[in-house]
Amino acid sequence: MKRPLILAATLLAVGGFGTLGLTGAPAVSAQTAAAQVATAQSATFAVENMTCALCPVTVKKAMEQVNGVQSVRIDFAAKTATVVFDPAVTSVEAIAAASTDAGYPAAVRG
């Protein structure tokens, strides 16, 4: 009987401290996220050599390692990779080269 009460008290305490410790931080995070979204670009790459379940994982990891890449979404059925990136930091050529270097040549779709 005491265990549920202790668990509930712990959750309330952790939740309360978490709220107290984060005052003011969300506004800064929201501004930073808004600035990143404003400068981000998206490009879709054709990656024809993806033939097995491990291929998309390899392509995604290779593209994510490029500085400036914010997210990578792979569509295995369409054999594409959609990348959101900061054009001030990287380029579509660098992202395509990372995939090519991993063994999966990528070309920007028009």
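Here the sequence shown is numbered in the numbering used here, starting from 1 and rising by one per residue.
Note that CB positions come from ideal geometry on N, CA and C, so glycine has one too.
Rounded to whole angstroms, V84 and T51 show a C-alpha spacing of 24 Å. Residue pairing for I74: DSSP places it in a beta bridge opposite A81. Shortest Cα-Cα distance from A62 to any of I95, A107 and G110 involves I95. An exposed status is given to P87, since fewer than 16 other beta-carbon atoms sit within 10 Å of its beta-carbon. When the beta-carbon positions are compared, A107 and A81 stay at least 8 Å from each other. Following the DSSP letters along the chain, one finds S42 inside the beta strand (DSSP E) bounded by residues Q41 to A46. Under the three-state reduction of DSSP output, V69 falls in the strand class. Contact between A102 and T58 holds, since their C-beta atoms are separated by about 5 Å, short of 8 Å. Per DSSP, P56 is one residue of the alpha helix (DSSP H) stretching across L54 to E64.
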